[in-house]
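Numbering (the UniProt record's numbering), first residue to last: 1 to 813.
All residues carry an ideal CB built from backbone N, CA and C; glycine is no exception.
Source: prediction; values computed, not measured.
Have a look at the structure below before the remarks.
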Amino acid sequence: MDLRTCAPLSLLVGTLSLLGCGSGAGSEDANEDGADEAAQGSDEDETHAGEPDLPPDLPGEEGFDPYPWPEEALTELVDPRIGSGGAGYTVGSMNPGPALPFGMVKAGPDTGIGPVQLGFLNCTGYHAEQTHLWGFSHSRLNGMGVPDYGAVQVTPAVGMSPEAAAVGGARSLFDHADEAALPGYYAATLIEAGVRAELTTGMRAARHRYTFDAPTPEATLVINLAYNPGGALSSASQIEVDLEAGIVRGMSTVQGSYSKRFGGLPTYFAARISKPLAGVGAWTDEGELVDGATSMSGAEIGAWLTVDLSGTDPDDPANSPVVDLDLAISYVSMAEAEANLAELDGADFGATRAAATATWQTELERIRVLGGSDEQRRLFYSALYRTLLTPTVFTEASGQYRGFDGQVHDAGARTYYSDFSLWDTYRTVHPLFNLIQRDRHADMLESLVWMAEQGGDLPKWPLGIGYTGGMVGTSADLVLADAYLRDVVDWDVEAGYAAARLHALEPRPNAGRAGVEGYRTLGWVPSDEHGAAASRTLEFAHADYALGRWAEAMGLSEDAALFGDSAGNWTNLWSPELEFLIGRRADGSFEVEGFDPLVWEDYYSEGTALHYLWAAPHDTAGLAELLGGRAAARARLSAYFEDSKTFLEGPEYSALMPVPYYWQSNEPSLHDAYLFTELGDPSETQRWVAWAREHHYGLDPGGLPGNDDAGTMSAWYLWSAIGLYPLVGGEGYWITAPIFERVELDMGDAEAPERRLAIVAEDAGPGQIYVAAARWNGQELERPWLTWEQLREGGTLRLELDDAPSEFGADPA
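What follows is the structure, given as structure tokens:
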């Protein structure tokens with residue numbers, strides 16, 4: 001969800017009804033963390049036609065070879081517009097602009113309602129229901145409830161005016177029905193300007209193509225350096241036009257909701273235009289146009305470039321009124337930005353687009369699926385696409401990057417990444433990367449270690465070149481530990497462990513555990529000393545569980561015992577009187593006064609007592625004991641889901657309302673359905689996973705349950721669709737019913753490039769949501785659970801499905 005704000009329920013509903021985006025103060029304790037369209041998806045669609053029958057060729061079963069997958073243009077199944085709309089708590093915050101997997105540059109459309117952007121709707125610059133296209137900026141956070149990035153906005157126009165110098169002033173009406181979006185490509189028509197805009201991309205440089213309706217002598221590109229999404233403004237900008245070299249250079253310091261917390265993010269750029277300039281100019285902070293100016297510095301500044309197209313002919317492809325613009329960004333210098341432009345050399349627009357498509361095809365092929373409906377396949381590959389957009393490559397083409405110490409470093413043979421929404425992504429995205437992005441994930445983990453070495457601490461929510469303090473917990477602990485426990489070890493494991501251990505035990509200045517003193521001495525974070533104290537305690541306990549298992553695997557027995565013991569600290573929040581996990585003060589008293597399990601209390605982060613009752617997935621047995629046994633726990637969990645279904649499907653529900661029961665768009669809830677399996681009733685897990693998948697995901701712009709949160713919600717869909725789900729920091733994966741007849745994951749890495757995981761369910765189809773039996777590499781499984789020890793070499797999971805609950809894995813005692 002990532003609203004990045006923690007407030008009482010009434011305040012949040014009021015805030016969202018005004019559609020404002022929570023950006024608040026920078027205090028960490030303030031919890032300022034703040035294609036074709038179709039109907040919403042259903043698991044009941046017809047089976048996808050035209051696929052070959054399943055052969056018995058299954059990796060991991062003796063004598064069998066890998067399945068011969070047919071060639072298929074997987075990029076054509078992806079719709080980048082999914083999640084680009086929504087209202088209130090269901091805003092997906094996706095931008096349909098082109099990007100390569102984890103690309104540094106993310107050029108894309110910025111929209112508004114006339115001259116207005118609405119904070120929470122425009123965190124990524126775009127919303128599918130807005131009427132005006134403001135231009136195309138070059139950096140963003142996809143799927144986040146945090147307005148940030150949005151550097152260097154370019155807008156095509158005819159002529160220049162003082163009005164066009166204002167933020168959003170060069171806007172034009174556009175028709176969403178006339179948009180096109182595929183991986184690596186976006187197009188729209190600016191109606192009032194009379195321009196068809198197309199974008200494609202490389203890793204660090206984007207290519208624009210503007211086709212003007214008429215051969216105008218004043219084809220103009222307006223470059224606005226003040227714009228940041230959601231009403232923020234950049235600062236300390238400069239621009240210069242080198243007429244002789246035909247290069248525009250500049251920089252703009254982004255001041256978004258998070259980046260302003262560390263003083264802003266200087267973003268350098270270099271651009272080149274495909275035709276000779278007929279005119280140039282710039283404007284001042286006060287909006288005064290200076291015709292002929294080739295340089296300007298200030299804050300709310302920009303420039304315009306004019307090309308004379310009067311001699312062109314729209315009917316002559318060799319002389320059409322087209323202007324191409326290549327624009328590269330850098331987080332090191334203008335010189336590096338100009339060097340990054342070279343990645344587009346020697347290729348025209350079509351070739352650049354084709355290369356982007358090929359890159360995406362390769363990445364999407366890391367998971368192949370057979371069967372399912374057309375809608376399910378589109379949902380699946382669109383989700384995989386979104387999952388691979390973040391984090392962001394921060395190394396330049398030269399290998400340099402700017403670290404958390406503000407200095408320029410050389411990444412050597414590695415790639416350095418930033419923009420980790422760790423409180424979200426540790427749950428679904430990083431566990432998926434442990435399977436299908438193992439080599440790349442090692443570089444991501446090393447990037448977190450370098451942040452600790454250069455900045456002083458492991459980050460909680462690193463953006464760009466600095467700490468933001470976003471959200472609660474120290475989720476990097478879980479990411480690092482889970483990767484190590486899954487044999488992703490090509491990174492500085494010792495340094496990573498030392499950094500995680502440090503902030504698990506001591507207060508840290510940048511991004512540590514607020515309230516760690518009380519957590520270590522009392523066994524909980526005192527609610528009268530820190531905000532979101534109950535949530536912090538629960539997050540710390542889960543992290544300690546992962547650290548304890550990491551320490552044990554490294555042979556550190558004393559640390560394993562230390563963290564294994566504190567992994568149970570969450571039980572200190574148990575109020576016998578209320579039978580919930582609630583805030584507890586330093587004197588040991590519980591916050592029972594005025595308690596309401598449906599309200600966002602100050603001692604929770606983005607949730608209610610009902611949500612956080614289930615927030616210790618590493619110790620479901622311990623929770624069952626507190627609740628009076630497994631049967632009592634199952635009854636509580638069942639009521640929680642039934643109440644959610646009734647609430648969401650009832651007449652009073654509105655997207656402007658937070659969901660006080662199971663909430664698919666809220667990270668602490670994502671694992672909840674799988675707890676039924678831990679409590680002895682895996683059929684209920686399978687039932688509710690299928691319900692959540694069907695109810696909350698669709699093919700339209702509102703087709704996500706809420707903010708995608710750097711791929712977190714999309715990765716949840718992927719896990720549910722293939723029939724597995726991770727216990728982060730634990731031993732393995734829960735098994736549920738896949739929606740496909742066959743799934744194959746490419747688990748290859750440098751050590752084992754041919755490693756594969758096959759999941760086969762020949763009777764998958766509408767209504768087949770229950771697992772009746774399971775075999776791993778030919779051996780019967782007693783329960784729907786697969787350990788990493790079993791999975792580490794790859795193999796075949798074969799499932800028998802049914803349309804009715806089965807006794808497989810049931811243990812109701």
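{"query": "Taking a contact to mean a Cβ-Cβ separation below 7 Å, would you say R209 touches T352 in this structure?", "result": "no"}
{"query": "Anyone know if the C-beta pair for L309 and P321 falls short of 7 Å?", "result": "yes"}
{"query": "Could you pull the start and end residues of the alpha helix (DSSP H) that H503 belongs to?", "result": "493 to 505"}
{"query": "Can the beta-carbon of A761 be found closer than 7 Å to that of L801?", "result": "yes"}
{"query": "Judging by CA-CA distance, which residue of Y149, L388, Y381 is the nearest neighbour of A710?", "result": "L388"}
{"query": "How should P658 be labelled, buried or exposed, when 16 other C-beta atoms within 10 angstroms of its C-beta is the threshold for buried?", "result": "buried"}
{"query": "For Y545 and D596, I'd like the C-alpha separation in whole angstroms.", "result": "29 Å"}
{"query": "Could you tell me the boundaries of the beta strand (DSSP E) in which T306 lies?", "result": "302 to 307"}
{"query": "How would you write the range of the beta strand (DSSP E) that E72 sits in, first residue to last?", "result": "Counting along the chain, E72 falls outside any beta strand (DSSP E), and DSSP gives it neither H nor E."}
{"query": "Going by DSSP, what residues sit across from Y604 in a beta bridge?", "result": "DSSP lists no partner for Y604."}
{"query": "Under the three-state reduction of DSSP, which class applies to I769: helix, strand or coil?", "result": "coil"}
{"query": "Would you mind stating whether L573 and T521 have Cβ atoms separated by less than 7 Å?", "result": "no"}
{"query": "Among the residues of its own chain, which have a CB less than 6 Å from the CB of P812, if the five just before and after it don't count?", "result": "G680"}
{"query": "I need the straight-line Cα distance from G194 to D213, nearest angstrom please.", "result": "5 Å"}
{"query": "In terms of residue numbering, what span does the beta strand (DSSP E) encompassing P682 cover?", "result": "That residue, P682, is in no beta strand (DSSP E); its alpha helix (DSSP H) goes 682 to 696."}
{"query": "Is the Cβ-Cβ distance between R486 and E446 less than 7 Å?", "result": "no"}
{"query": "Exposed or buried, what is A621 when buried is set at 16 or more other beta-carbons lying within 10 Å of its beta-carbon?", "result": "exposed"}
{"query": "How many Å lie between Y612 and S669 at the Cα?", "result": "8 Å"}
{"query": "Using C-beta distances below 6 Å, list every residue in its chain close to S806, excluding the 5 sequence neighbours before and after it, in chain order.", "result": "Y770, A772"}
{"query": "Under 7 Å between the Cβ atoms of Q255 and A226?", "result": "no"}
{"query": "Return yes when at least one heavy atom of the ligand MG lies under 6 Å from the C-beta of G250, else no.", "result": "Among the ligands in the structure shown, none appear at all, so the ligand MG cannot be discussed."}
{"query": "Could you tell me the distance, in whole angstroms, from the CA atom of Y725 to the CA atom of T736?", "result": "8 Å"}
{"query": "Taking 7 Å as the cut-off, decide whether the C-beta atoms of V472 and A532 are in contact.", "result": "yes"}
{"query": "Are A442 and V488 touching if we call contact CB-CB under 7 Å?", "result": "yes"}
{"query": "Under 8 Å Cβ to Cβ from L243, same chain only, skipping five residues before and after it: list those, please.", "result": "L277, V280, T294"}
{"query": "Taking the alpha-carbon positions, what's the D565 to E198 distance?", "result": "57 Å"}
{"query": "Here's the rule I'm using: 16 or more other beta-carbon atoms within 10 Å means buried, otherwise exposed. How should A25 be labelled?", "result": "Low local confidence applies: a pLDDT of 32 at A25 is under 50, so the model's placement there is unreliable, with the coordinate-based value given in what follows. Exposed, because fewer than 16 other Cβ atoms sit within 10 Å of the Cβ of A25."}
{"query": "In the DSSP output, what is R207 paired with across the bridge?", "result": "T200, D326"}
{"query": "Considering Cα atoms alone, identify which of A335, S330, D348, I239 is closest to E300.", "result": "I239"}
{"query": "Cα separation between V429 and S720?", "result": "13 Å"}
{"query": "How big is the Cα-Cα spacing for residue 829 and P784?", "result": "Nothing can be reported for residue 829: it is not among the residues displayed for the chain, which extend from 1 to 813."}
{"query": "Compute the beta-carbon to beta-carbon distance between A499 and R513, rounded to the nearest angstrom, for a pair I have assumed lies under 8 Å.", "result": "Going by Cβ atoms, the distance from A499 to R513 rounds to 13 Å, so no, they are not a contact pair."}
{"query": "What number of angstroms, rounded off, separates the C-alpha of S172 from the C-alpha of A187?", "result": "14 Å"}
{"query": "Look up P215 in the DSSP assignment and say whether it is helix, strand or coil.", "result": "coil"}
{"query": "Buried or exposed for G767, going by 16 or more other Cβ atoms inside 10 Å?", "result": "exposed"}
{"query": "Does the Cβ-Cβ distance between A107 and T253 come in under 7 Å?", "result": "no"}
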